[in-house]
Amino acid sequence: MKRPEDILTKLLLQNNDDWEIDRVTCDDSADEIHITLKYRHDTIHVDGKEFPIFDFRHERSWRHLDMWQYKTILEARVPRYRDGDGIKSVPVPWAMPNSRLSWLMEKNGRNVTVHQESDKDCTSSSPVL
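Following this line, the structure appears as structure tokens:
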């Protein structure tokens, strides 16, 4: 039998072995689930090169699709590495750079917007003369 963490990992981090669920916190008073993700490795692999972790960015959060009608928040400290003269953050597999929404939340948001616009167009009536 699979553990709940394994199921959540499969749903959130499909085909990604670089991250794991570190902690899941349910806040019943706010109807929120906070899922803290953790980078698994001591080094970072980018374009066939290996870099040591330079440091971690401050903790960031991303809004994810609701689970069991709870607002779901992904949280993580993203590792950074030094490449030449610059410091770069590891891209996270669940969101675009600088986004505050997960891929699935963005996808769901676009579908809702398209649906709402189409409903609005279908329900509008022409003026009666």
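Note that the sequence shown covers residues 0 to 128 in numbering that gives the first Met the number 0.
Yeah, the Cβ is synthetic: ideal placement off N, Cα and C, and Gly gets one too.
Residue from Leu103, Ser88 and Asn107 whose Cα sits closest to the Cα of Val45
Here residue 45 is taken as the residue at index 46 of the sequence shown, counted from 1. Considering only alpha carbons, the answer is Ser88.
**Prompt:** To which residues of the same chain is Thr24 closer than 6 angstroms at the C-beta, ignoring the five residues directly before and after it?
**Reply:** In the sequence shown, counting from the first residue as 1, residue 24 sits at position 25. The residues are His33.
Checklist entry - Whole beta strand (DSSP E) runs in the stretch 13–99 with 3 or more residues, listed along the chain? => result 18–26, 31–38, 42–45, 48–51, 59–66, 69–75, 78–82 and 85–88
Can you name, in chain order, every residue of its own chain whose Cβ lies under 7 angstroms from the Cβ of Phe53, other than the five neighbours on each side? Position 54 of the sequence shown, counting from 1, holds the residue named residue 53. The beta carbon of Phe53 is closer than 7 angstroms to those of Arg79, Tyr80, Arg81 and Ile86 in its chain, skipping five residues each way along the sequence.
_Between which residues of its own chain and Pro90 is the CB-CB distance below 8 angstroms, once the five residues before and five after are set aside?_
Along the sequence shown, read from residue 1 onward, the residue named residue 90 stands at position 91. Within the same chain, Pro90 has close Cβ partners Pro96.
Beta-carbon proximity list for Lys37, same chain, < 6 angstroms, skipping 5 on both sides:
Your numbering for residue 37 matches position 38 in the sequence shown. Excluding positions up to five away in sequence, the list reads Glu19 and Asp21.
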